[in-house]
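Asker: First the structure, then my questions, so here it is.
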Amino acid sequence: MRFRERNYFNAFILAAGFGERLKPLTDYIPKPLMPILGKPLIEIVLKRVAALNPSNIGINLHYKAEKILDYFKISPFCSKIRIFHEESILGTGGALKNAADFLKGRSFLVYNSDIFSDINLTMLLEHHLAHDNIATLAVHDHHEYNKLEVDSKQFLKNVVIRGNYNASSRIAFTGIAVYSPDFLNFLDDGHTSVVAGWMNAVSAGEKIYCMQFKEHSWSDIGSPESYASTVVSQLNSSGETVYIHSSAKVDSNIQFVGHFVVEHGTVIEGGTTFKNCILMPYSHIKQNLRYENSIVCSDFTIPLKESHFTGQKDKDDPIPIGYGGSNRKYYRIQKEDSSVVLMQTDRHDHDFKRHLKLTCFFSDLKIPVPRLIEADYSNFTAIFEDFGSVSLYTWLKVRRSEDEIEEIYKSVIDSLLLIHIDATRHIKECPEIGERVFDYEHFRWESSYFIEMFVKKVKNIDLKDTAPTYQELHRIALKADKFKKAVIHRDFQSQNIMIRYNKPPGIIDYQGARIAPPAYDIASLLYDPYYRFREGIRDRLLAYYMNKLSSETFLLKEEFLESLMICRLQRHMQALGAYGFLSNERGKKFFLRYIPEGIRLLKEDAVLLKDEYPELYKLTLKL
Numbered sequence: 179m180r181f182r183e184r185n186y187f188n189a190f191i192l193a194a195g196f197g198e199r200l201k202p203l204t205d206y207i208p209k210p211l212m213p214i215l216g217k218p219l220i221e222i223v224l225k226r227v228a229a230l231n232p233s234n235i236g237i238n239l240h241y242k243a244e245k246i247l248d249y250f251k252i253s254p255f256c257s258k259i260r261i262f263h264e265e266s267i268l269g270t271g272g273a274l275k276n277a278a279d280f281l282k283g284r285s286f287l288v289y290n291s292d293i294f295s296d297i298n299l300t301m302l303l304e305h306h307l308a309h310d311n312i313a314t315l316a317v318h319d320h321h322e323y324n325k326l327e328v329d330s331k332q333f334l335k336n337v338v339i340r341g342n343y344n345a346s347s348r349i350a351f352t353g354i355a356v357y358s359p360d361f362l363n364f365l366d367d368g369h370t371s372v373v374a375g376w377m378n379a380v381s382a383g384e385k386i387y388c389m390q391f392k393e394h395s396w397s398d399i400g401s402p403e404s405y406a407s408t409v410v411s412q413l414n415s416s417g418e419t420v421y422i423h424s425s426a427k428v429d430s431n432i433q434f435v436g437h438f439v440v441e442h443g444t445v446i447e448g449g450t451t452f453k454n455c456i457l458m459p460y461s462h463i464k465q466n467l468r469y470e471n472s473i474v475c476s477d478f479t480i481p482l483k484e485s486h487f488t489g490q491k492d493k494d495d496p497i498p499i500g501y502g503g504s505n506r507k508y509y510r511i512q513k514e515d516s517s518v519v520l521m522q523t524d525r526h527d528h529d530f531k532r533h534l535k536l537t538c539f540f541s542d543l544k545i546p547v548p549r550l551i552e553a554d555y556s557n558f559t560a561i562f563e564d565f566g567s568v569s570l571y572t573w574l575k576v577r578r579s580e581d582e583i584e585e586i587y588k589s590v591i592d593s594l595l596l597i598h599i600d601a602t603r604h605i606k607e608c609p610e611i612g613e614r615v616f617d618y619e620h621f622r623w624e625s626s627y628f629i630e631m632f633v634k635k636v637k638n639i640d641l642k643d644t645a646p647t648y649q650e651l652h653r654i655a656l657k658a659d660k661f662k663k664a665v666i667h668r669d670f671q672s673q674n675i676m677i678r679y680n681k682p683p684g685i686i687d688y689q690g691a692r693i694a695p696p697a698y699d700i701a702s703l704l705y706d707p708y709y710r711f712r713e714g715i716r717d718r719l720l721a722y723y724m725n726k727l728s729s730e731t732f733l734l735k736e737e738f739l740e741s742l743m744i745c746r747l748q749r750h751m752q753a754l755g756a757y758g759f760l761s762n763e764r765g766k767k768f769f770l771r772y773i774p775e776g777i778r779l780l781k782e783d784a785v786l787l788k789d790e791y792p793e794l795y796k797l798t799l800k801l
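According to the working numbering, the sequence shown is numbered sequentially starting from 179.
Below, the structure is given as structure tokens:
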């Protein structure tokens with residue numbers, strides 16, 4: 179009977195290889211240190227393995243070992259690992275044999291350091307420890323690598339070097355496995371592959387179980403193409419299109435579209451443009467250059483197909499865009515020499531027709547929304563002008579001067595004023611807005627949404643005596659409903675504002691527009707959890723808005739400021755409720771990262787109004 183204790187196992191990470199297929203990248207950075215959005219691949223692997231609480235962790239090194247050792251000196255895992263330096267490459271099997279004294283006596287998990295995956299390691303380990311097999315391989319269906327031939331009970335029969343990899347009995351090894359210590363007896367000394375050990379064990383009558391995983395992410399960081407695809411996939415899964423490491427120095431006079439990744443220590447001079455690019459660590463990019471669909475280093479550029487960034491199988495396939503909270507689907511499609519945006523929804527989307535009506539209404543008033551090109555009411559699709567891929571949210575990821583930030587926000591406010599003033603003046607021309615008043619019931623729904631989706635489901639706070647809190651929320655909603663109203667966007671935050679070079683900022687996602695206090699949009703824009711202003715900028719922008727608003731409307735500054743405090747409360751409760759709903763109910767966990775700033779802003783509001791709303795203030799102290 180082999181060892182079965184849950185925590186009685188070792189781990190071993192294979193990290194000695196040359197990374198030949200990744201050249202020229204691996205000429206200056208070893209494959210285990212390839213960065214994935216600021217984190218070396220080896221760190222990601224170590225974090226996953228260490229979470230299982232192994233007794234010991236071993237790592238073999240050879241190629242550029244000194245660079246990896248330098249990383250380990252500053253790694254949080256430095257005290258938990260033992261290095262096995264190989265004078266010459268020993269192969270996947272030889273590496274384990276070389277570490278036999280370290281691995282013997284207990285089962286051990288082996289993880290190839292060039293594998294990026296979220297396969298359930300706990301499930302793999304526990305299955306192995308619960309069965310009397312000499313090895314348990316994590317496998318999946320991956321046509322390019324389907325080389326393992328298995329029997330009807332999923333035990334390994336053979337490894338096929340050539341043949342039909344699409345055969346139903348064939349499966350692919352993920353590079354992750356758990357072995358019983360007896361497996362070491364089937365490995366030869368010197369350079370050898372772990373595959374040879376498998377076949378030796380099978381020939382001796384031992385059982386190697388192939389545990390199949392589905393619906394998981396997996397990539398072999400073995401080529402520039404697979405590396406780029408992995409980076410982009412991780413960017414997309416985090417709801418982003420841009421990543422810029424905090425140590426990078428990026429001149430604000432650059433332009434970027436599509437996916438844009440800048441790793442640590444990189445310097446980019448001004449005047450350079452990028453489309454779908456990954457900039458490797460410590461690159462120095464000279465000014466006035468242009469890069470497209472590339473991995474970029476100081477001394478060389480690796481051109482790739484655009485599909486490695488967009489995920490298209492065919493160049494004419496639509497490209498999915500947008501990572502917000504909506505159930506609608508948006509795609510960028512190429513038409514002749516330009517691109518357009520296709521929107522798809524369904525008959526349950528009550529905003530579909532309203533969206534199209536609002537588009538025409540706003541366009542007629544010269545409000546910068548995407549022009550409607552074509553609509554299919556029966557199939558609930560529409561084609562719009564493409565406003566590009568750079569939102570205010572992503573534009574702000576590059577360090578900007580205070581002057582630049584103020585100027586871009588002033589231009590955004592100018593566009594917002596067109597909604598608040600011009601659209602309000604012509605409201606009779608668009609009953610689709612006029613009939614939608616943000617009244618007491620809507621404000622009260624927002625605060626209830628906050629309580630249910632965030633306070634209870636995210637923070638697990640049980641409001642035992644809800645009457646005092648709900649009475650305050652009732653009073654807040656009553657007060658909000660009494661302020662003077664105008665046409666508002668309703669979700670006027672940085673991700674819904676598109677930056678178009680040499681054009682005014684564009685506005686998207688406006689189908690929720692309605693009649694409400696205009697301060698609600700200002701609270702959304704200037705008190706946005708997605709971006710924190712530097713000291714003084716918000717006050718100047720607020721003054722800019724109020725001066726323009728008061729000169730054009732009947733709304734007094736004093737009344738506006740009073741409404742702003744209440745609208746800030748409402749907006750921040752709504753945002754936190756939405757983050758809770760989208761992360762828990764829709765599975766969009768990347769919204770969780772905005773919660774701390776949302777809480778900070780709500781607490782800031784509650785402190786200012788704690789004398790009037792003490793119960794809400796007490797509640798925010800628990801968040």
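By construction, the Cβ of each residue, glycine as well, lies at the ideal position given by its N, Cα and C atoms.
Just so we're clear, the structure is a prediction, and the values are computed from it rather than from any experiment.
When the Cα of Tyr772 is compared with those of Leu247, Asp783, Gly755 and Phe539, which residue comes out closest?
Answerer: Comparing Cα-Cα distances from Tyr772 to each of Leu247, Asp783, Gly755 and Phe539, the minimum goes to Gly755.
Asker: Among the candidates Leu595, Met676, Asn471 and Lys209, whose CA atom is the shortest distance from the CA of Phe452?
Answerer: Comparing Cα-Cα distances from Phe452 to each of Leu595, Met676, Asn471 and Lys209, the minimum goes to Asn471.
Asker: My understanding is that Asp292 touches Leu230, with C-beta atoms under 8 Å, so please give their C-beta distance in whole angstroms.
Answerer: At roughly 20 Å, the Cβ-Cβ gap does not stay under 8 Å, so Asp292 and Leu230 are not in contact.
Asker: Relative to the C-alpha of Tyr571, which residue among Leu315, Phe711 and Leu211 is closest?
Answerer: Taking only the C-alpha atoms, the option nearest Tyr571 is Phe711.
Asker: Who are Met521's beta bridge partners in DSSP?
Answerer: In the DSSP output, where bridge partners are listed per residue, Met521 has Tyr508 and Ala560.
Asker: Looking at the secondary structure, which residues open and close the alpha helix (DSSP H) in which Ile399 lies?
Answerer: That residue, Ile399, is in no alpha helix (DSSP H); it is neither H nor E in DSSP.
Asker: Span of the alpha helix (DSSP H) holding Arg778?
Answerer: Where Arg778 is concerned, the enclosing alpha helix (DSSP H) stretches over Ile773 to Leu786.
Asker: Buried or exposed: where does Leu302 fall if 16 or more other Cβ atoms within 10 Å of its Cβ makes it buried?
Answerer: Buried, because 16 or more other Cβ atoms sit within 10 Å of the Cβ of Leu302.
Asker: Give a yes or no on whether the C-beta atoms belonging to Thr370 and Gly271 are separated by under 8 Å.
Answerer: It is a contact, given that the beta carbons lie within the stated cut-off.
Asker: If you run the structure through DSSP and keep just helix, strand and coil, what is Phe255?
Answerer: Coil, per DSSP.
Asker: Buried or exposed for Pro254, going by 16 or more other Cβ atoms inside 10 Å?
Answerer: By the 10 Å Cβ count, Pro254 comes out exposed.
Asker: Can you name, in chain order, every residue of its own chain whose Cβ lies under 6 Å from the Cβ of Asn290, other than the five neighbours on each side?
Answerer: Answer for Asn290: Leu192 and Gly353, listed in chain order.
Asker: Cα separation between Ser330 and Leu299?
Answerer: About 24 Å.
Asker: What runs of the alpha helix (DSSP H), each 4 residues or longer, lie entirely inside the segment 291 to 350?
Answerer: With a minimum length of 4 residues, the continuous alpha helix (DSSP H) runs that stay inside the segment 291 to 350 are 299 to 307.
Asker: On the CB-based measure, 16 or more other CB atoms within 10 Å of its CB, does Thr314 come out buried or exposed?
Answerer: Looking at its Cβ environment, which holds 16 or more other Cβ atoms inside 10 Å, Thr314 is buried.
Asker: Can you grab the Cα-Cα spacing for the pair Glu807 / Gly612, in whole Å?
Answerer: With the chain covering 179 to 801 only, the question about residue 807 has no answer from this structure.
Asker: Under three-state DSSP, which class holds Lys217?
Answerer: Strand, per DSSP.
Asker: For the beta strand (DSSP E) that contains Val547, what are its first and last residues?
Answerer: Unbroken run through Val547: none, as it is neither H nor E.
Asker: Specify, as a first and last residue, the run of the alpha helix (DSSP H) that Gly755 falls within.
Answerer: Run containing Gly755: Lys735 to Asn762, per the alpha helix (DSSP H) assignment.
Asker: Skipping 5 residues on each side, what residues in its chain have a beta carbon closer than 6 Å to that of His533?
Answerer: Closer than 6 Å at the Cβ level, and outside the excluded window around His533, lie Gln689.
Asker: Which two residues bound the contiguous beta strand (DSSP E) that contains His437?
Answerer: It spans Gln433 to Val440 - the beta strand (DSSP E) in which His437 sits, taken as one unbroken run.
Asker: Less than 8 Å between the beta carbons of Leu543 and Asp600, yes or no?
Answerer: Contact flag set, yes.
Asker: When the Cα of Ser625 is compared with those of Ile605, Arg614 and Ala658, which residue comes out closest?
Answerer: Cα-wise, what sits closest to Ser625 is Ala658.
Asker: What three-state label does DSSP hand Phe196 in the structure shown?
Answerer: In the structure shown, Phe196 sits in coil (DSSP, three-state: anything other than H, G, I, E or B).
Asker: Any idea if Thr204 is buried or exposed, counting beta-carbon neighbours within 10 angstroms, 16 or more meaning buried?
Answerer: Buried: at least 16 other Cβ atoms inside 10 Å.
Asker: Round the Cβ separation of Tyr698 and Gln673 to the nearest angstrom and send it over; I've been treating them as touching at under 8 Å.
Answerer: Contact doesn't hold; Cβ gap of about 17 Å is too wide.
Asker: Between the C-alpha atoms of Asp564 and Ser517, what's the straight-line distance to the nearest angstrom?
Answerer: Distance between the alpha carbons of Asp564 and Ser517: 6 Å.
Asker: Go ahead and label Ile677 buried or exposed: buried means 16 or more other beta carbons lie within 10 angstroms of its beta carbon, across all protein chains shown.
Answerer: Counting Cβ neighbours within 10 Å, Ile677 comes out buried, since at least 16 surround it.
Asker: Taking Val590 as the reference, which of Ala655, Ile685, Cys608 and Glu790 has the closest Cα?
Answerer: It is Ile685 whose Cα lies nearest to the Cα of Val590.
Asker: Among Tyr791, Phe759 and Met521, whose alpha-carbon lies nearest the alpha-carbon of Met743?
Answerer: The residue with the shortest Cα to Cα distance from Met743 is Tyr791.
Asker: Out of curiosity, what's the CA-to-CA distance linking Asn378 and Tyr387?
Answerer: Taking the straight line joining both Cα atoms gives about 15 Å.
Asker: Helix or strand or just coil, what does DSSP make of Leu566?
Answerer: Inspection of the sequence shows that residue 566 is occupied by Gly rather than by Leu. Coil.
Asker: Apart from the five residues just before and just after Leu651, which ones in its own chain have a Cβ nearer than 6 Å to its Cβ?
Answerer: The residues are Ser625.
Asker: So, under 8 Å CB-CB, Gly195 and Lys209 are touching, yes? Tell me the CB distance rounded to an integer number of Å.
Answerer: With 8 Å as the limit, Gly195 and Lys209 qualify as a contact, their Cβ atoms being about 6 Å apart.
Asker: Quick one: what does DSSP say Tyr289 is sitting in, helix, strand or coil?
Answerer: Residue state, collapsed to three classes: strand.
Asker: What residue range does the beta strand (DSSP E) around Arg692 cover?
Answerer: Unbroken beta strand (DSSP E) run through Arg692: Arg692 to Ala694.
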